[in-house]
Amino acid sequence: MLSQALEFLLDGPGISTSSDLFDRLKEPILQLGFGRYELRLKPDRNARERSELVIGDYPQAWHEAYEQAGYVRIDPVMLHCMHNVTPIVWTERLYSSPQQHSLRALAVAHGLEHGVTFALHGPQGQFGTLGLNLQARDADRAQSMIRHHMGTLSILRDAALQAALALMVPPAPVNLVKLTRREKEILRWSAFGKTSWEISNICCCSEANVDYHFKNIRRKFSVTTRSAAVVQALSMQLIQI
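If you're matching positions, the sequence shown starts at 647 in my numbering and goes up one per residue.
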(Lines of atoms letter the chains of each structure in order from A; the text may use other names.)
(Lines give C-alpha, C1' and ligand atoms only; values in the text may rest on other atoms or scores of the structure.)
Protein backbone atom coordinates (compact mmCIF):
# COMPACT_ATOMS: atom_id res chain seq x y z
CA MET A 647 0.00 0.00 0.00
CA LEU A 648 1.04 3.59 -0.60
CA SER A 649 1.09 4.51 3.09
CA GLN A 650 3.38 1.55 3.80
CA ALA A 651 5.72 2.55 0.97
CA LEU A 652 5.94 6.12 2.29
CA GLU A 653 6.49 4.86 5.83
CA PHE A 654 9.25 2.56 4.56
CA LEU A 655 10.86 5.54 2.80
CA LEU A 656 10.82 7.48 6.06
CA ASP A 657 11.43 4.81 8.68
CA GLY A 658 12.87 1.81 6.88
CA PRO A 659 16.49 0.61 7.01
CA GLY A 660 19.03 3.35 6.46
CA ILE A 661 19.63 4.72 2.97
CA SER A 662 23.38 4.67 2.44
CA THR A 663 23.67 4.72 -1.37
CA SER A 664 21.96 6.34 -4.34
CA SER A 665 20.79 2.88 -5.39
CA ASP A 666 19.03 2.49 -2.01
CA LEU A 667 17.25 5.80 -2.49
CA PHE A 668 16.25 4.97 -6.08
CA ASP A 669 14.57 1.75 -4.97
CA ARG A 670 12.94 3.37 -1.95
CA LEU A 671 11.44 6.17 -4.04
CA LYS A 672 10.35 4.04 -6.97
CA GLU A 673 7.66 2.08 -5.13
CA PRO A 674 5.49 5.00 -3.94
CA ILE A 675 5.99 6.77 -7.27
CA LEU A 676 4.64 3.75 -9.15
CA GLN A 677 1.77 3.37 -6.70
CA LEU A 678 0.75 6.98 -7.36
CA GLY A 679 0.47 6.17 -11.07
CA PHE A 680 3.71 7.76 -12.24
CA GLY A 681 6.46 6.05 -14.21
CA ARG A 682 9.94 7.45 -14.64
CA TYR A 683 11.38 9.95 -12.20
CA GLU A 684 14.56 11.90 -11.65
CA LEU A 685 16.01 13.56 -8.56
CA ARG A 686 18.91 15.97 -8.95
CA LEU A 687 20.59 17.77 -6.05
CA LYS A 688 23.68 20.00 -5.87
CA PRO A 689 25.43 21.57 -2.85
CA ASP A 690 24.32 24.93 -4.29
CA ARG A 691 22.86 26.17 -7.56
CA ASN A 692 26.28 27.19 -8.90
CA ALA A 693 28.02 23.90 -8.09
CA ARG A 694 29.60 21.94 -10.92
CA GLU A 695 27.87 18.91 -12.39
CA ARG A 696 30.44 16.49 -10.96
CA SER A 697 29.22 17.33 -7.45
CA GLU A 698 25.57 16.76 -8.38
CA LEU A 699 23.63 13.80 -7.01
CA VAL A 700 21.51 12.31 -9.82
CA ILE A 701 19.05 9.49 -9.15
CA GLY A 702 16.37 8.25 -11.53
CA ASP A 703 15.53 6.47 -14.75
CA TYR A 704 15.04 9.13 -17.42
CA PRO A 705 16.32 7.92 -20.83
CA GLN A 706 20.07 8.33 -21.30
CA ALA A 707 19.47 9.59 -24.85
CA TRP A 708 17.37 12.42 -23.39
CA HIS A 709 20.21 13.44 -21.06
CA GLU A 710 22.76 13.45 -23.85
CA ALA A 711 20.61 15.52 -26.23
CA TYR A 712 19.59 17.94 -23.46
CA GLU A 713 23.16 18.57 -22.34
CA GLN A 714 24.56 18.80 -25.87
CA ALA A 715 22.03 21.51 -26.78
CA GLY A 716 22.58 23.40 -23.51
CA TYR A 717 18.85 23.43 -22.81
CA VAL A 718 19.35 24.02 -19.09
CA ARG A 719 19.81 27.74 -19.88
CA ILE A 720 16.33 28.11 -21.41
CA ASP A 721 14.37 25.28 -19.79
CA PRO A 722 11.26 26.97 -18.31
CA VAL A 723 10.88 24.21 -15.73
CA MET A 724 14.43 24.68 -14.42
CA LEU A 725 14.10 28.47 -14.49
CA HIS A 726 10.94 28.21 -12.41
CA CYS A 727 12.51 25.88 -9.86
CA MET A 728 15.56 28.10 -9.38
CA HIS A 729 13.40 30.97 -8.15
CA ASN A 730 10.34 29.26 -6.64
CA VAL A 731 9.41 26.58 -4.12
CA THR A 732 6.09 25.67 -5.78
CA PRO A 733 5.79 22.66 -8.13
CA ILE A 734 5.37 23.20 -11.86
CA VAL A 735 3.25 20.99 -14.13
CA TRP A 736 4.61 20.30 -17.61
CA THR A 737 2.24 22.06 -20.01
CA GLU A 738 2.57 23.24 -23.60
CA ARG A 739 2.12 26.91 -22.69
CA LEU A 740 5.38 26.96 -20.70
CA TYR A 741 7.35 26.79 -23.96
CA SER A 742 7.27 30.02 -25.97
CA SER A 743 10.58 30.62 -27.77
CA PRO A 744 11.79 28.57 -30.77
CA GLN A 745 14.46 26.94 -28.60
CA GLN A 746 11.90 26.06 -25.96
CA HIS A 747 9.61 24.55 -28.59
CA SER A 748 12.54 22.38 -29.70
CA LEU A 749 13.10 21.34 -26.08
CA ARG A 750 9.44 20.43 -25.72
CA ALA A 751 9.54 18.34 -28.91
CA LEU A 752 12.63 16.53 -27.64
CA ALA A 753 10.91 15.75 -24.33
CA VAL A 754 7.81 14.40 -26.08
CA ALA A 755 9.98 12.26 -28.37
CA HIS A 756 11.53 10.63 -25.29
CA GLY A 757 8.20 9.99 -23.56
CA LEU A 758 8.52 12.94 -21.17
CA GLU A 759 5.41 14.81 -22.27
CA HIS A 760 3.33 14.84 -19.07
CA GLY A 761 4.47 15.26 -15.50
CA VAL A 762 5.37 17.60 -12.68
CA THR A 763 8.63 18.92 -11.23
CA PHE A 764 9.20 19.91 -7.62
CA ALA A 765 11.91 22.38 -6.65
CA LEU A 766 14.29 21.14 -3.95
CA HIS A 767 15.79 23.79 -1.69
CA GLY A 768 17.89 22.53 1.22
CA PRO A 769 18.58 24.33 4.52
CA GLN A 770 22.20 25.14 3.57
CA GLY A 771 21.48 26.37 0.05
CA GLN A 772 21.35 22.99 -1.67
CA PHE A 773 19.38 23.12 -4.89
CA GLY A 774 17.78 20.53 -7.08
CA THR A 775 14.63 19.13 -8.65
CA LEU A 776 12.40 16.09 -8.42
CA GLY A 777 10.71 15.36 -11.75
CA LEU A 778 7.89 12.81 -12.05
CA ASN A 779 6.84 11.54 -15.46
CA LEU A 780 3.23 10.47 -16.04
CA GLN A 781 2.03 8.37 -18.96
CA ALA A 782 -1.45 9.75 -19.67
CA ARG A 783 -3.59 9.79 -22.79
CA ASP A 784 -3.96 13.59 -22.76
CA ALA A 785 -2.93 16.73 -20.88
CA ASP A 786 -6.26 17.14 -19.07
CA ARG A 787 -6.09 13.63 -17.66
CA ALA A 788 -2.47 14.14 -16.59
CA GLN A 789 -3.19 17.44 -14.83
CA SER A 790 -6.21 15.96 -13.07
CA MET A 791 -4.13 13.09 -11.69
CA ILE A 792 -1.37 15.43 -10.56
CA ARG A 793 -3.81 17.71 -8.75
CA HIS A 794 -5.46 14.70 -7.09
CA HIS A 795 -2.15 13.46 -5.67
CA MET A 796 -0.50 16.83 -4.98
CA GLY A 797 -0.68 16.52 -1.18
CA THR A 798 0.95 13.09 -1.15
CA LEU A 799 3.49 14.17 -3.77
CA SER A 800 4.51 17.10 -1.55
CA ILE A 801 5.20 14.71 1.34
CA LEU A 802 7.15 12.50 -1.06
CA ARG A 803 9.15 15.53 -2.20
CA ASP A 804 10.14 16.40 1.38
CA ALA A 805 11.04 12.79 2.17
CA ALA A 806 13.12 12.53 -1.01
CA LEU A 807 14.96 15.77 -0.23
CA GLN A 808 15.68 14.69 3.33
CA ALA A 809 17.06 11.35 2.18
CA ALA A 810 19.12 12.94 -0.59
CA LEU A 811 20.61 15.48 1.82
CA ALA A 812 21.72 12.61 4.04
CA LEU A 813 23.72 11.21 1.12
CA MET A 814 25.48 14.54 0.67
CA VAL A 815 26.16 15.70 4.23
CA PRO A 816 26.31 14.05 7.68
CA PRO A 817 22.91 14.05 9.45
CA ALA A 818 22.35 16.47 12.33
CA PRO A 819 22.53 14.83 15.77
CA VAL A 820 19.10 13.98 17.12
CA ASN A 821 19.90 15.56 20.47
CA LEU A 822 20.11 18.99 18.82
CA VAL A 823 16.33 18.99 18.36
CA LYS A 824 14.24 19.14 21.52
CA LEU A 825 10.46 19.00 21.16
CA THR A 826 7.91 19.57 23.89
CA ARG A 827 5.18 17.03 24.56
CA ARG A 828 2.60 19.30 22.88
CA GLU A 829 4.84 19.85 19.83
CA LYS A 830 5.21 16.08 19.40
CA GLU A 831 1.45 15.65 19.74
CA ILE A 832 0.74 18.31 17.11
CA LEU A 833 3.35 16.91 14.73
CA ARG A 834 1.92 13.42 15.09
CA TRP A 835 -1.59 14.58 14.18
CA SER A 836 -0.15 16.54 11.26
CA ALA A 837 1.54 13.35 10.06
CA PHE A 838 -1.95 11.83 9.88
CA GLY A 839 -3.04 14.68 7.59
CA LYS A 840 -4.98 16.73 10.14
CA THR A 841 -5.43 20.49 9.56
CA SER A 842 -4.77 23.18 12.17
CA TRP A 843 -8.50 23.40 12.85
CA GLU A 844 -8.81 19.64 13.32
CA ILE A 845 -5.73 19.51 15.56
CA SER A 846 -7.09 22.37 17.69
CA ASN A 847 -10.29 20.39 18.30
CA ILE A 848 -8.40 17.21 19.14
CA CYS A 849 -5.96 18.98 21.48
CA CYS A 850 -8.59 21.31 23.01
CA CYS A 851 -6.73 24.49 22.14
CA SER A 852 -7.15 27.37 19.70
CA GLU A 853 -6.17 27.19 16.05
CA ALA A 854 -3.83 30.15 16.66
CA ASN A 855 -2.11 28.12 19.37
CA VAL A 856 -1.55 25.24 16.93
CA ASP A 857 -0.07 27.64 14.37
CA TYR A 858 2.19 29.10 17.08
CA HIS A 859 3.54 25.64 17.92
CA PHE A 860 4.14 24.91 14.22
CA LYS A 861 6.13 28.13 13.93
CA ASN A 862 8.41 26.97 16.75
CA ILE A 863 8.62 23.46 15.29
CA ARG A 864 9.70 24.76 11.88
CA ARG A 865 12.34 26.96 13.53
CA LYS A 866 13.75 24.02 15.51
CA PHE A 867 14.09 21.89 12.38
CA SER A 868 15.24 24.79 10.17
CA VAL A 869 12.54 24.01 7.59
CA THR A 870 9.86 26.09 5.91
CA THR A 871 6.92 23.68 5.68
CA ARG A 872 4.94 21.51 8.07
CA SER A 873 5.41 18.41 5.96
CA ALA A 874 9.19 18.90 6.01
CA ALA A 875 9.06 19.11 9.82
CA VAL A 876 7.01 15.90 9.93
CA VAL A 877 9.57 14.16 7.71
CA GLN A 878 12.41 15.32 9.97
CA ALA A 879 10.62 14.22 13.14
CA LEU A 880 9.81 10.79 11.70
CA SER A 881 13.33 10.23 10.37
CA MET A 882 14.78 11.16 13.80
CA GLN A 883 12.18 8.92 15.47
CA LEU A 884 10.94 11.83 17.58
CA ILE A 885 7.38 10.81 16.71
CA GLN A 886 5.79 7.57 15.52
CA ILE A 887 2.73 6.89 13.37
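The C-beta atom is built at its ideal place from N, Cα and C for all residues, glycine as well.
Keep in mind that this is a model prediction, so the values were computed, not measured.
| Reference H729, options R686, K824, L766, closest by Cα | L766
| field | V869 versus P769 - alpha carbon distance | value | 7 Å
| Nearest-angstrom Cα distance between H859 and V877? | 17 Å
| Supposed contact pair V700 and R588 - C-beta distance, whole angstroms, cut 8 Å | Any property of residue 588 remains undetermined from this structure, which presents the chain solely from 647 to 887.
| said: Mapping the DSSP letters down to three states, classify Y741 as helix, strand or coil. | reply: coil
| task | Please determine, among V731, E829, L752, the residue with the shortest C-alpha to C-alpha distance to Y717. | result | L752
| Run of the alpha helix (DSSP H) containing K866, from where it starts to where it stops | 853-867
| G757 versus G839, G797, V856, A707, residue with shortest Cα-Cα distance | A707
| Cβ pair count under 8 Å reaching 3, the stretch 771-780 against the stretch 805-816 | yes
| task | Could you give the DSSP three-state label for S842: helix, strand or coil? | result | helix
| field | Identity of the residue in R827, M882, L799 nearest P733 by Cα | value | L799
| message | Among the candidates D721, L725, L884, whose CA atom is the shortest distance from the CA of V823? | response | L884
| query | Of the residues R691, F668, K688, L749, which one's Cα is nearest the Cα of A715? | reply | L749
| Distance CB(G761)-CB(W736) smaller than 8 Å | yes
| query | Of all the options Q808, D786, G797, which has the alpha carbon lying nearest to the alpha carbon of L671? | reply | Q808
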